[in-house]
Amino acid sequence: MKQLKIVIIDYGVGNTHSVSNAIKHLGYKQLKISDNEQTIKEADVLILPGVGAFDECMKNLKDSHLDTILGEQVLENKKPILGICVGMQMMAEFSEENGIHQGLNWIHGMVKKLDLPKNFAVPHVGWNNVTIEHNEPIFSRNDENCNFYFDHSYYFHCNEEYVSAWCDYGVKITAAVQQDNIFGVQFHPEKSQTNGLKLFRSFFNSI
Amino acid sequence: MLKKRIAATLLVKDGIVVQSIGFNKYLPVGKPAIAVEYLNQWGIDEIILLDISATCKQISPDYSMIKKASLKCYVPLSVGGGITEVRHIRELMHCGADKLSLNQSAIFNTDLISEAAHIFGNQCVVVSIDGVKVGNGYCVYDYIKKTNLKISPAEMASKAEEAGAGEILINSVDRDGMYSGYDIELINSVCEKVTIPVIGCGGAKNAKDMIDLFQNTSVSAACAGNFFHFTEHSVNVTKASILKSINVRLETYANYKENNINEDFRLSKKADSVLEEMLFMRIEKEVI
């Protein structure tokens, strides 16, 4: 196993400890939770976790200048990054959660409130099976139709070419996006038991 | 399609997981970290860890206990007990909690629900309500003062939803630890009042009670505490029984899909010939 330098971006509101627990379980030892520019520069791969409201998360990223630091690493240096939940949503151009707010603008698309048929509760909480459009790289170890844990009220609305997996909750919901070195998942792999651990393994092995 | 969830509650009193009976008797079960690890391995969908001593003693949540418990928890972990301020929530998130469960704070300080929902998102805030039967209706039970409040669980759930809660955990005081099945009427009264997901709790004895709950209410999750503690692979065996009538997630390496389950919802013994064959069967370890 290649010991990658993994950095989980710490911006105050993510569930960083949960993500770190899951990755450590897989045996990766050079793992850091940090907001330090130097540490982020030296990393092989970045994880942008997320639990929280879009505006609060973006504000925290901007306050600590992480938006520019990450932009440089991801867009210019092409460092692989995996965004989780709000971490993925922040990769969009903007979001309509608590008013219109600008995102990191890495993947063309916007974050919208789930607009569901009657009898479908918001937030979309629980285990849902995903339909995988692109196996490589992050889903290469997962079975078709496997379950992941979702917990969100907003979703990433984008062009189909970026969607690597989706799920069905009355409407088709983007479950994962990818574009070059940028990956994002709406569900929580750190909370999806074995399926989530497999996803982390596939992601790290592809680097 | 979204699956119905099977959740486990771990009641923690003075750092030890306990079995609770009627909100007044408690029997020790073991360390929270061990209980979490096993439930996780057996394929539970969610764990709700409630520290019932923190609020009683008016102390902050036991962060070190949560940190240890979350270490091997790869399913969502909701934590409750002792949360009165936003800084408690922030600290809990750093200790591995994914959601928080508000009970007393939800009764006396609805602003905390709104504040937490605004910072951490609605999906992060679970409001836990204890309901008790009084006459023909139900009241919210205050487990600290041990009194019934004037508000009904359904009204309180509706107020919590308005304030920004993302889920409601409704627990029956009368059924707690009684193994007499869920209080369908109580749980329905809450389901009818809110549009957010509801988790039903209190009284489950086996898979049948959970199937009943899913068939007679619109809950998203069935929760049990006590009965998961006492048998090996309790979660995956229960899920294998439920899966015959309700769409639940069963993805554990040992899934019992092919096993026969008897009328008490326990595994039936396999035929001797099968067992003999199994002696020579090599079972590969799951590699991730």
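If you're matching them up, the sequences are chains A and B in order.
Using numbering that gives the first Met the number 0, the first residue of the first sequence is number 0, and each one after it goes up by one.
Using numbering that gives the first Met the number 0, the first residue of the second sequence is number 0, and each one after it goes up by one.
Even for Gly, the Cβ is constructed at its ideal location relative to N, Cα and C.
These figures come from a predicted structure and were not determined experimentally.
Beta carbon proximity, residue i to chain B, threshold 8 angstroms
i, result
"Gly98 (chain A)", "no"
"Ala120 (chain A)", "yes"
"Ser94 (chain A)", "no"
"Asn194 (chain A)", "yes"
"Ser17 (chain A)", "yes"
"Trp126 (chain A)", "yes"
"Asp34 (chain A)", "no"
"Gly51 (chain A)", "yes"
Whether residue i touches residue j by CB criterion (8 angstroms)
i, j, result
"Val35 (chain B)", "Cys72 (chain B)", "yes"
"Gly176 (chain B)", "Asn225 (chain B)", "yes"
"Leu266 (chain B)", "Tyr255 (chain B)", "yes"
"Asp97 (chain B)", "Ser17 (chain A)", "yes"
"Gly130 (chain B)", "Ser171 (chain B)", "yes"
"Ala206 (chain B)", "Ser240 (chain B)", "yes"
"Gly199 (chain B)", "Ile210 (chain B)", "no"
"Leu196 (chain A)", "His24 (chain A)", "yes"
"Gln185 (chain A)", "Met87 (chain A)", "yes"
"Ile167 (chain B)", "Ile195 (chain B)", "yes"
"Arg4 (chain B)", "Trp126 (chain A)", "yes"
"Arg174 (chain B)", "Lys2 (chain B)", "no"
"Gly79 (chain B)", "Ser100 (chain B)", "yes"
"Thr15 (chain A)", "Ile39 (chain A)", "no"
DSSP state of residue i mapped onto helix, strand, coil
i, result
"Met109 (chain A)", "strand"
"Pro27 (chain B)", "strand"
"Arg4 (chain B)", "strand"
"Val50 (chain A)", "coil"
"Leu49 (chain B)", "strand"
"Asn187 (chain B)", "helix"
"Leu274 (chain B)", "helix"
"Gly201 (chain B)", "coil"
"Thr251 (chain B)", "coil"
"Ser219 (chain B)", "coil"
"Lys149 (chain B)", "coil"
"Tyr154 (chain A)", "strand"
"Gly42 (chain B)", "coil"
"Asp263 (chain B)", "coil"
"Asp142 (chain A)", "coil"
Selected residue, minimal CA-CA separation from residue i, among the options
i, options, result
"Gly11 (chain A)", "A:Leu30, A:Thr38, A:Val44, A:Cys56", "A:Cys56"
"Thr67 (chain A)", "A:Met87, A:Leu103, A:Lys171", "A:Leu103"
"Gly163 (chain B)", "B:Gly120, B:Asn205, B:Ile198", "B:Gly120"
"Val197 (chain B)", "B:Ala221, B:Met209, B:Asp263", "B:Ala221"
"Val125 (chain B)", "A:Thr193, A:Phe138, A:Ala91, A:Asp150", "A:Asp150"
"Ile106 (chain B)", "B:Gly201, B:Ile5, B:Arg89, B:Thr54", "B:Thr54"
"Phe202 (chain A)", "A:Asp114, A:Ile80, A:Thr130", "A:Ile80"
"Val234 (chain B)", "B:Lys2, B:Met0, B:Ala6, B:Gln214", "B:Ala6"
"Lys24 (chain B)", "B:Pro31, B:Ile33, B:Lys12", "B:Lys12"
"Val230 (chain B)", "B:Phe22, B:Asp44, B:Phe264", "This sequence places Thr at residue 230 (chain B); Val is not what is there. For the residues B:Phe22, B:Asp44, B:Phe264, the minimum Cα distance to Thr230 (chain B) belongs to B:Phe264."
"Glu160 (chain B)", "B:Ser127, B:Asp182, B:Arg174, B:Thr146", "B:Ser127"
"Val286 (chain B)", "A:Cys157, A:Glu159, A:Arg140", "A:Arg140"
"Trp165 (chain A)", "A:Leu115, A:Ile181, A:Tyr153, A:Asn144", "A:Asn144"
"Met89 (chain A)", "A:Ala52, A:Ile7, A:Glu36", "A:Ala52"
"Ile15 (chain B)", "B:Ser52, B:Tyr37, B:Glu45, B:Ile82", "B:Ser52"
Terminal residues of the alpha helix (DSSP H) in which residue i lies
i, result
"Ala105 (chain B)", "103-107"
"Glu161 (chain B)", "152-162"
"Asn146 (chain A)", "No alpha helix (DSSP H) contains Asn146 (chain A), which is instead part of the beta strand (DSSP E) from 146-151."
"Cys94 (chain B)", "Per DSSP, Cys94 (chain B) belongs to no alpha helix (DSSP H) and is neither H nor E."
"Val211 (chain B)", "What sits at residue 211 (chain B) in the sequence shown is Asp, not Val. Residues 206-215."
"Gln2 (chain A)", "Careful: Gln2 (chain A) lies outside any alpha helix (DSSP H) and carries neither H nor E."
"Thr173 (chain A)", "Taken as a continuous stretch (DSSP letters only), Thr173 (chain A) belongs to no alpha helix (DSSP H), being part of the beta strand (DSSP E) at 170-178."
"Gly195 (chain A)", "192-204"
"Ile82 (chain B)", "Counting along the chain, Ile82 (chain B) falls outside any alpha helix (DSSP H), and DSSP gives it neither H nor E."
Residue range of the beta strand (DSSP E) that includes residue i
i, result
"Tyr140 (chain B)", "136-141"
"Leu30 (chain A)", "30-33"
"Gln18 (chain B)", "15-20"
"Ile169 (chain B)", "166-171"
"Ser234 (chain B)", "Going by the sequence as given, residue 234 (chain B) is Val instead of Ser. It is not in any beta strand (DSSP E) - Val234 (chain B) instead sits in the alpha helix (DSSP H) that spans 233-241."
"Asn210 (chain A)", "In the structure displayed, chain A extends from 0 to 206; residue 210 (chain A) sits before or after that span and is not available."
"Phe182 (chain A)", "181-184"
"Gly98 (chain A)", "Note, Gly98 (chain A): premise wrong, no beta strand (DSSP E); not H, not E."
"Asp300 (chain B)", "Residue numbering for chain B in the displayed model covers 0 to 287; residue 300 (chain B) lies beyond these limits and cannot be assessed."
"Val176 (chain B)", "The sequence as given places Gly at residue 176 (chain B); Val does not occur at that position. Unbroken run through Gly176 (chain B): none, as it is neither H nor E."
CB contact check: residue i to chain A, cutoff 8 angstroms
i, result
"Gln214 (chain B)", "no"
"Gly199 (chain B)", "no"
"Leu38 (chain B)", "no"
"Tyr25 (chain B)", "no"
"Asp44 (chain B)", "yes"
"Cys123 (chain B)", "yes"
Residue i CB to nearest heavy atom of the ligand HEM below 7 angstroms
i, result
"Asn104 (chain A)", "In the structure shown, the ligand HEM is absent, as is every other ligand, since no ligand is present at all."
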